[in-house]
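Worksheet: the structure to be examined is printed underneath.
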Amino acid sequence: RLHPLAEGIVVDVGFGSGLNLPYYDDARVERLIGVDPDGTMLGRAGPKSRSLPFVVECLRASGESLPLADDFADTVVVTYAFCTIPDPDAALTEIRRILKPAGRLIFIEHGQAEEPRCRRWQERLNGPWGRLAGGCHLNRDPLRLIREAGFRLIEEERARFPLPFWQLGSHHAGVAAPPVS
Numbered sequence: 084r085l086h087p088l089a090e091g092i093v094v095d096v097g098f099g100s101g102l103n104l105p106y107y108d109d110a111r112v113e114r115l116i117g118v119d120p121d122g123t124m125l126g127r128a129g130p131k132s133r134s135l136p137f138v139v140e141c142l143r144a145s146g147e148s149l150p151l152a153d154d155f156a157d158t159v160v161v162t163y164a165f166c167t168i169p170d171p172d173a174a175l176t177e178i179r180r181i182l183k184p185a186g187r188l189i190f191i192e193h194g195q196a197e198e199p200r201c202r203r204w205q206e207r208l209n210g211p212w213g214r215l216a217g218g219c220h221l222n223r224d225p226l227r228l229i230r231e232a233g234f235r236l237i238e239e240e241r242a243r244f245p246l247p248f249w250q251l252g253s254h255h256a257g258v259a260a261p262p263v264s
């Protein structure tokens with residue numbers, strides 16, 4: 084539901100193998116830059132992007148150091164990546180830098196559960212889980228991170244994951260705007 088809102092020049096941070104590509108609205112996206120530190124994953128995205136009517140560029144970089152100009156992007160999309168980015172605060176600072184003043188951050192994340200019992204289990208599992216799941220942190224609070232980076236939440240959804248995925252905590256999705264200058 085949220086990916087079709089992306090428009091103009093889009094930067095997808097945590098692009099991976101391009102799983103989000105089918106969800107973008109071809110009529111709204113002019114150019115998409117997929118950013119990921121894993122070159123192997125980006126290599127898998129190439130074939131998926133060839134049939135799209137907009138330009139897709141894959142850029143091997145980390146979210147904490149985006150080699151893009153200030154005020155570059157109309158939209159930045161982050162999907163299930165704030166949990167694995169080593170320094171999400173630095174990544175959000177970079178996202179603010181590259182977003183145009185009227186730009187939007189679209190995010191879909193998992194994070195710290197609202198229920199105290201589940202949160203305690205997330206804390207216990209966080210270390211082993213991260214070692215098994217590519218550095219994923221179960222206990223991060225993406226909404227807090229986004230707000231503390233100065234973004235204004237425009238739209239926000241919260242939900243619980245189905246029982247087999249309880250350890251992922253709460254599901255957060257929404258749209259945020261950079262601070263007003």
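Heads up, the sequence shown is in our numbering, so the first residue is 84 and it goes up one at a time. Ideal Cβ positions, reconstructed from N, Cα and C, are used throughout, including at glycine.
Taking C-beta atoms under 8 Å as the contact rule, residue 100 and residue 133 fail to qualify, at a distance of about 14 Å.
Taken atom to atom, the span from the alpha-carbon of residue 125 to that of residue 145 is near 12 Å. In the three-state DSSP reduction, residue 167 falls in the coil class, being neither helix nor strand.
In the DSSP assignment, residue 190 forms a beta bridge with 161 and 257.
Using a Cβ-Cβ distance cut-off of 8 Å, the segment 184 to 196 and the segment 151 to 163 are in contact, since at least three pairs of beta carbons, one from each stretch, lie closer than that value. By the criterion of a C-beta distance shorter than 7 Å, residue 156 is surrounded in its chain by 92, 93, 94, 181, 182, 183 and 186, once the five residues flanking it on both sides are discounted. Nearest neighbour of residue 98 by Cα position, chosen from 208, 206, 248 and 116, turns out to be 116. DSSP places residue 99 outside both helix and strand once states are collapsed to three, so it counts as coil. Look at residue 142 here: in three-state DSSP terms it is strand. Beyond the five residues adjoining it in sequence on each side, residue 175 comes within less than 7 Å, by CB distance, of 228, 229 and 232 in the same chain, given in chain order. In the three-state scheme derived from DSSP, where H, G and I count as helix and E and B as strand, residue 153 is classed as coil. Judged by DSSP in its simplified three-state form, residue 90 adopts coil rather than helix or strand.
For residue 117, the uninterrupted beta strand (DSSP E) run begins and ends at 112 to 119, by DSSP.
When the Cα atoms are used, residue 109 and residue 138 turn out to be separated by approximately 10 Å. For residue 128, there is no enclosing beta strand (DSSP E); the enclosing alpha helix (DSSP H) covers residues 122 to 132. The criterion of a C-beta distance shorter than 8 Å is not satisfied by residue 143 and residue 171. When DSSP states are grouped into helix, strand and coil, residue 231 belongs to the helix group.
The three-state secondary structure of residue 262, taken from DSSP, is coil.
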